[in-house]
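Protein chains in written order, with UniProt numbering: chain A, 1 to 401; chain G, 1 to 401; chain C, 1 to 401; chain F, 1 to 401.
Every residue gets a Cβ at the ideal spot worked out from N, C-alpha and C, and that includes glycine.
There are 4 protein chains.
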Amino acid sequence: MSKTTDWNARYRMLVEELEADGVQVDVARERLLRQHVETPSWGYADSGTRFKVFHQAGAARTPFEKLEDAAQVMRYTGIARSVAIHVPWDKVDDYAALKRRAEELGIAIGAVNPNLFQDDDYRFGSLAHPDEKVRKKAIAHVLECIDIMRQTGSRDLSLWLADGTDYPGQDDLRARKRRLEESLAEIYRGLDPHMRLLLEYKLFEPAFYSTDVPDWGTAFLHVTRLGPQAYVLVDLGHHAHGVNVEQIVAFLLDERRLGGFHFNARKYADDDLTTGSINPYELFLIYAELAAAEERNGGRLDVAYMIDQSHNTKPKVEATIQSVVALQEAYARALLINRKRLEAAQQAQDVVAAEEELLKAFRRDVTPLLVQVRRELGVPEDPLEAFRRSGYAESAARARG
Amino acid sequence: MSKTTDWNARYRMLVEELEADGVQVDVARERLLRQHVETPSWGYADSGTRFKVFHQAGAARTPFEKLEDAAQVMRYTGIARSVAIHVPWDKVDDYAALKRRAEELGIAIGAVNPNLFQDDDYRFGSLAHPDEKVRKKAIAHVLECIDIMRQTGSRDLSLWLADGTDYPGQDDLRARKRRLEESLAEIYRGLDPHMRLLLEYKLFEPAFYSTDVPDWGTAFLHVTRLGPQAYVLVDLGHHAHGVNVEQIVAFLLDERRLGGFHFNARKYADDDLTTGSINPYELFLIYAELAAAEERNGGRLDVAYMIDQSHNTKPKVEATIQSVVALQEAYARALLINRKRLEAAQQAQDVVAAEEELLKAFRRDVTPLLVQVRRELGVPEDPLEAFRRSGYAESAARARG
Amino acid sequence: MSKTTDWNARYRMLVEELEADGVQVDVARERLLRQHVETPSWGYADSGTRFKVFHQAGAARTPFEKLEDAAQVMRYTGIARSVAIHVPWDKVDDYAALKRRAEELGIAIGAVNPNLFQDDDYRFGSLAHPDEKVRKKAIAHVLECIDIMRQTGSRDLSLWLADGTDYPGQDDLRARKRRLEESLAEIYRGLDPHMRLLLEYKLFEPAFYSTDVPDWGTAFLHVTRLGPQAYVLVDLGHHAHGVNVEQIVAFLLDERRLGGFHFNARKYADDDLTTGSINPYELFLIYAELAAAEERNGGRLDVAYMIDQSHNTKPKVEATIQSVVALQEAYARALLINRKRLEAAQQAQDVVAAEEELLKAFRRDVTPLLVQVRRELGVPEDPLEAFRRSGYAESAARARG
Amino acid sequence: MSKTTDWNARYRMLVEELEADGVQVDVARERLLRQHVETPSWGYADSGTRFKVFHQAGAARTPFEKLEDAAQVMRYTGIARSVAIHVPWDKVDDYAALKRRAEELGIAIGAVNPNLFQDDDYRFGSLAHPDEKVRKKAIAHVLECIDIMRQTGSRDLSLWLADGTDYPGQDDLRARKRRLEESLAEIYRGLDPHMRLLLEYKLFEPAFYSTDVPDWGTAFLHVTRLGPQAYVLVDLGHHAHGVNVEQIVAFLLDERRLGGFHFNARKYADDDLTTGSINPYELFLIYAELAAAEERNGGRLDVAYMIDQSHNTKPKVEATIQSVVALQEAYARALLINRKRLEAAQQAQDVVAAEEELLKAFRRDVTPLLVQVRRELGVPEDPLEAFRRSGYAESAARARG
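Right, dumping it as structure tokens:
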């Protein structure tokens with residue numbers, strides 16, 4: 001963003017233009033002020049591919065350092081209000097202290113993510129493992145995470161399972177499904193009434209022949225069987241090529257089973273790139289469904305907007321800020337769709353006019369609106385540029401060695 | 001197959017080998033004698049791609065000619081016991097006469113397939129169309145098909161919907177889902193108690209942005225909502241790349257919602273090639289799930305095994321015989337799996353031993369067993385070769401011009 | 001676009017902002033004034049999927065009607081300067097008359113496209129057919145097209161081959177390659193010195209097992225063997241999922257073998273949707289490569305920018321205008337990239353800063369610049385809206401029945 | 001395999017049947033006796049996914065232990081005659097000693113694989129890195145590997161590059177291509193006259209936006225530019241979905257640029273499963289091209305048949321034996337194709353008859369032929385079963401801790 005830009009003038013111009021076009025800017029502004037994005041603690045630590053983990057100078061090494069980094073993202077964007085944790089990566093002796101530290105830093109502890117894939121016992125699965133002892137161990141770990149949720153004030157248990165098989169015949173596919181059902185039921189019984197279980201699906205990796213929860217249909221089947229506290233979690237990188245993700249979002253919203261997102265981007269498989277970096281229009285179309293559901297729902301929607309990325313070549317805090325801004329932009333554009341005209345065109349089966357309503361909203365440079373929102377949130381006009389200028393990365397690199 | 005082969009000797013040898021290996025050949029033989037494959041009437045008529053329909057000499061032109069061709073497949077294989085029809089492609093004045101003709105030819109009329117994609121009114125959908133008038137027309141057509149089922153003695157209504165959109169925004173994805181639910185409910189109420197509604201899913205084509213029933217999850221959601229007479233139909237060519245189809249089959253079997261198959265093969269999209277022509281091992285793995293479910297179910301499974309292919313470059317009857325034989329082979333191999341050893345290896349988490357049980361069954365040349373079954377069924381040992389020698393294709397070409 | 005917008009003010013503001021940011025708007029403006037897009041004659045006629053061709057009221061029925069429609073796109077956009085023709089779909093007795101008519105309408109005849117897939121003889125291929133007679137027939141047809149090029153003043157022969165096989169074993173893959181080489185060589189010898197042969201590749205369809213020119217590598221192999229008048233043609237819908245198209249464009253540009261494009265969009269396979277409708281960012285990235293090559297090349301690049309779409313649910317002229325505008329937008333944004341800063345960031349291996357240069361250009365609402373260009377071209381500020389208001393579609397529907 | 005099987009009787013029966021069918025068994029037998037498969041040293045060491053490396057008891061820890069394991073595969077299969085090494089994973093002080101040890105164990109050192117992806121300097125690439133210093137370092141490493149080849153008596157330099165980018169704009173795609181060309185040229189100049197450079201391509205991973213050698217077309221472009229000692233290496237898991245690998249093999253064979261394979265299997269991406277475990281028919285079709293080229297070439301073909309797998313859930317030696325056996329089976333079946341009848345059917349455009357020739361060969365249970373070959377090679381009839389019984393794995397686990 002250019003420093004000489006007269007944002008006030010540009011915002012006034014945008015408001016005029018939008019209102020002449022029948023779009024209520026204030027509604028959009030208010031929603032953007034309330035936007036809440038959750039960043040992942042593991043996104044601040046070193047990560048990599050199966051070929052190599054490249055160490056980054058200044059990458060967070062402890063749960064507390066991760067909180068500090070997450071707080072930076074909050075400080076510069078104003079909407080990254082919470083941070084998801086992962087157990088045991090974020091294991092601490094005193095979770096109340098972790099919670100307090102987060103609060104001091106102006107953020108909250110969000111979803112708790114159990115780890116069901118890095119213990120040697122989980123080589124052939126966790127909740128669906130053929131051996132009851134391993135299943136019990138996995139369940140106990142998740143119940144421990146629920147206990148941690150009590151201490152951190154978390155509401156969402158975010159469950160991703162690496163469970164699956166690598167070869168045909170390796171295990172009985174139906175038996176695995178039944179074992180998983182039983183394990184999930186036991187976990188579900190352990191939830192407090194206000195808690196939610198979010199079940200994530202993924203096409204493949206690390207299992208290369210079958211994955212026990214490979215698609216939204218399987219996740220949906222499980223959560224409806226579990227009960228009203230169970231929801232589906234959509235990770236943008238976990239689908240086969242061609243799958244229409246915004247339609248899955250629309251279906252889950254309609255069934256009231258959309259629990260949350262793991263935002264990222266991908267060109268090939270589960271690439272875990274920064275959100276919106278490959279197809280920002282798809283991200284906008286997903287937000288178009290979310291904004292429509294919010295509209296129907298009186299302006300509120302109980303969905304957890306979490307980021308889940310693996311930053312191999314980008315500095316971690318910068319990459320996370322980029323993603324938060326991408327989510328802000330996608331949401332802003334979606335809020336500027338003239339829904340009345342869209343619906344009228346849809347009713348008239350005027351394909352071109354209906355599509356043009358979306359394109360018009362997507363084409364908008366929403367920066368003036370976002371600058372306005374940022375001013376009201378008390379954060380810099382250009383979060384990424386301000387963070388890069390701040391010297392935080394350099395001092396973290398020094399301090400963390 | 002070589003004519004000089006001593007099939008009796010080879011069958012005895014296979015039986016000895018299998019029994020030494022702990023596999024009951026008689027169970028396999030009896031199941032194979034009862035195998036039932038349904039061929040599609042439209043598979044005997046001219047077809048093509050969007051670029052060109054190539055006319056084949058002797059391609060069936062009328063519903064009655066299609067029955068004759070289907071009867072040929074029955075005559076040479078002994079298991080292609082019924083033929084699916086498509087309305088209005090197979091529209092006749094007197095369906096009772098059609099049924100009688102089929103019976104004279106030794107086959108039955110199987111599933112009835114409504115056509116919800118070739119009327120100009122269906123340009124923007126049928127059961128999910130934004131306009132109630134079109135939806136009512138589509139429903140009326142399906143109810144007419146149910147009436148035809150009464151006349152033809154059919155049990156299965158086989159429902160494939162081309163419904164979807166080509167562009168973002170073209171229609172409201174959630175509204176389409178709700179309209180489809182209502183339309184399906186109205187159709188379901190029209191079923192007689194013994195009838196089944198089979199709902200097919202497809203990733204894309206002819207809709208290129210969203211398809212209203214794009215995956216098994218959506219089909220499953222609809223059929224469970226409808227009631228116990230509704231089932232999912234799996235077409236092998238309707239999945240995204242990488243999707244594990246045998247796992248979907250296992251899940252649907254476990255949920256008792258697998259209604260039937262549309263067998264074919266594909267390398268790219270919905271290529272509609274002859275069954276087993278691209279990955280015969282995948283077909284075997286699907287049958288491995290079916291045979292296991294049969295086993296658990298006392299040897300019976302209420303699943304419709306239908307072929308759905310588009311023969312652009314192969315002669316149609318020959319291509320259909322190839323597919324029936326491929327299904328016979330896949331089933332035979334699946335029946336020869338030593339399930340006890342497979343389960344033991346799975347229990348022991350011995351991945352290699354478990355996989356080898358499948359590979360051993362897949363590697364088997366089951367021709368001696370199939371020749372034995374064919375003799376008992378009273379059909380030629382080599383169905384394809386016998387049909388090619390019969391002169392039927394040539395006389396059909398002459399008779400049909 | 002809102003009618004009340006003060007485009008002069010907005011253009012001034014954009015110019016100020018860009019120049020403060022180090023981007024030369026005048027270079028971009030001049031390039032946009034010279035932009036040349038070619039539309040396809042077949043895009044104005046009825047089309048469909050393999051399931052159904054839906055007739056559109058007013059769809060062009062004759063080559064001359066197609067010219068009239070193409071001229072409309074020129075009239076409203078100012079840059080759709082030529083129209084590609086397809087033989088025999090556009091067969092006329094007098095090509096000189098066709099050329100004159102185009103010129104009267106303010107457009108030129110562009111590439112000539114032979115049809116090597118709709119004759120019954122081409123069931124098993126054309127230029128790679130096992131039978132020499134068929135190959136000779138196909139070559140003769142292409143040579144006839146070259147003769148038509150002489151009459152229409154066309155420079156580019158645009159060659160798409162449906163050639164391939166549906167089943168393993170159907171033909172010898174190496175023999176097909178060699179036959180194709182020979183046929184292409186014979187065609188190449190028939191070109192006049194100023195003519196170009198553009199060879200298109202496609203992953204699949206209508207061949208479903210192997211396609212003789214399935215990827216850019218094969219096309220590149222053939223054109224380099226042919227000689228300096230042969231180039232590769234990139235159709236955006238002809239790649240496997242995940243393939244990085246902008247990289248192919250960069251490679252072909254570097255090898256000086258990029259002959260042209262068939263622009264369209266796809267979500268699944270060769271969906272032939274309007275350009276930019278699925279991933280406009282990818283289109284921008286392709287133009288970023290083109291603009292960079294132009295820059296290196298003194299502002300000129302000898303590439304044919306052709307549209308190739310199949311409009312099943314959208315009105316044809318409107319869909320074509322949408323695509324021309326999408327190409328204008330993508331080009332405009334690509335011209336506004338600050339290449340110096342981009343290169344500096346790349347040199348510094350500053351991944352975030354480099355990407356942000358692209359994102360900044362992509363985010364820009366370039367409408368004020370396009371309005372300015374349109375005014376200079378003497379066409380409406382909002383081409384689509386102006387065309388929709390013009391009544392042309394309605395009168396064509398009346399006139400064409 | 002059943003121990004009671006009378007393999008002599010079964011082999012005689014197979015020979016009779018094949019000869020009645022016009023297939024020369026002796027040619028097949030002789031080729032199978034000469035078959036040469038190379039296994040990878042890294043396939044005997046611990047490996048994993050990006051989520052976790054599971055340690056296997058007895059996994060090889062040193063280059064010498066890897067040789068011992070590779071020698072086991074040779075001992076039980078008789079055709080795993082060499083082992084590829086990877087530098088620095090297999091770095092030793094004395095490569096002559098490594099070579100001697102291999103020879104003592106009855107195997108040879110095969111291809112040498114440089115490592116251009118695990119040094120911190122390679123975070124943004126190696127041979128195509130923007131920084132000349134890094135490129136020089138990478139070139140020096142490869143030249144060092146060429147020197148190692150001189151000491152180990154290796155002929156093939158097997159070059160896989162992780163080089164690429166994660167985000168649009170991160171680097172200039174054309175500049176990367178040019179840098180890679182220069183680096184490769186420098187390496188090529190370092191080869192001794194008898195040496196070959198094998199250039200591998202891969203769609204993606206670990207680079208997630210662009211890969212510098214993403215497809216066979218790019219690899220082919222580079223190797224033809226380099227000269228007659230450069231060839232393309234095909235890894236079965238490195239293609240986009242749907243890509244016809246056997247066609248690429250046929251094209252490269254025809255251009256005399258196929259240098260070798262990395263055999264493995266995949267269902268999703270570069271899954272590195274045991275060869276033939278997902279689609280054995282595809283493996284057979286690849287061998288059908290190889291056997292045909294051999295036939296044209298007087299029975300010899302200068303191609304390196306290397307395995308490249310990552311064994312996460314299977315014991316490593318067992319998995320490697322499975323793959324060697326799968327390659328033996330695929331080759332055996334391909335050698336039993338009746339090529340005269342196949343060609344006659346192709347000439348007659350008899351798609352069904354042509355395909356049936358392949359299917360007939362694929363359906364054959366070639367075990368009796370393989371048992372015969374194994375006897376002549378002096379190895380056990382059932383390599384996997386014999387190895388499992390041998391106690392080697394258990395003693396390795398004890399010895400290696």
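Pick from the options that is closest to residue i, judged by C-alpha positions
i: proline 214 of chain G; options: A:Arg101, A:Leu197 and A:Glu246; result: A:Glu246
i: histidine 222 of chain F; options: F:Glu181, F:His241 and F:His194; result: F:Glu181
i: serine 183 of chain C; options: C:Gly125, C:Val112, C:Ala291 and C:Ala28; result: C:Gly125
i: glutamate 38 of chain G; options: G:Ala9, G:Asp26, G:Leu342 and G:Val73; result: G:Val73
i: aspartate 172 of chain C; options: C:Ile146, C:Pro130, C:Phe387 and C:Glu376; result: C:Pro130
i: alanine 128 of chain F; options: F:Ile148, F:Ala162 and F:Ser154; result: F:Ala162
Under the three-state DSSP convention, the category residue i falls into
i: isoleucine 85 of chain C; result: strand
i: glycine 164 of chain A; result: strand
i: serine 154 of chain A; result: coil
i: threonine 211 of chain A; result: strand
i: arginine 333 of chain A; result: helix
i: leucine 51 of chain C; result: Residue identity differs from the one stated: residue 51 of chain C is phenylalanine in this sequence, not leucine. DSSP places phenylalanine 51 of chain C in coil when its eight states are reduced to three.
i: leucine 283 of chain G; result: helix
i: leucine 127 of chain C; result: coil
i: leucine 290 of chain A; result: helix
Enclosing beta strand (DSSP E) for residue i [first to last residue]
i: threonine 39 of chain C; result: 38 to 40
i: tyrosine 305 of chain F; result: 304 to 307
i: asparagine 113 of chain A; result: 108 to 114
i: serine 390 of chain C; result: Not the beta strand (DSSP E): serine 390 of chain C falls in the alpha helix (DSSP H), residues 383 to 390.
i: histidine 222 of chain A; result: From DSSP, histidine 222 of chain A is part of no beta strand (DSSP E) but of the alpha helix (DSSP H) over 216 to 226.
i: leucine 233 of chain C; result: 230 to 235
i: phenylalanine 263 of chain C; result: 258 to 263
i: arginine 196 of chain G; result: 196 to 200
Range of the contiguous alpha helix (DSSP H) that encloses residue i
i: aspartate 254 of chain C; result: 245 to 254
i: phenylalanine 64 of chain A; result: 63 to 77
i: arginine 12 of chain C; result: 7 to 20
i: serine 183 of chain A; result: 173 to 189
Three or more C-beta pairs closer than 8 Å, one from the region 317 to 327 of chain C and one from the region 74 to 89 of chain C: is that the case here?
-> The region 317 to 327 of chain C is in contact with the region 74 to 89 of chain C.
Could you please tell me which residues of the region 240 to 261 of chain C, in chain order, have their CB closer than 9 Å to any CB of chain A?
-> Taking 9 Å as the Cβ-Cβ cut-off, the region 240 to 261 of chain C approaches chain A at Ala240, His241, Gly242 and Asn244, given in chain order.
Three or more C-beta pairs closer than 8 Å, one from the region 275 to 295 of chain F and one from the region 231 to 243 of chain C: is that the case here?
-> No, because fewer than three Cβ pairs between the region 275 to 295 of chain F and the region 231 to 243 of chain C fall closer than 8 Å, the two stretches do not touch.
If contact means a Cβ-Cβ distance below 7 Å, which residues of the region 345 to 361 of chain G contact chain A?
-> Result list: Gln346, Gln347, Gln349, Val351, Ala354, Glu355, Glu357 and Leu358.
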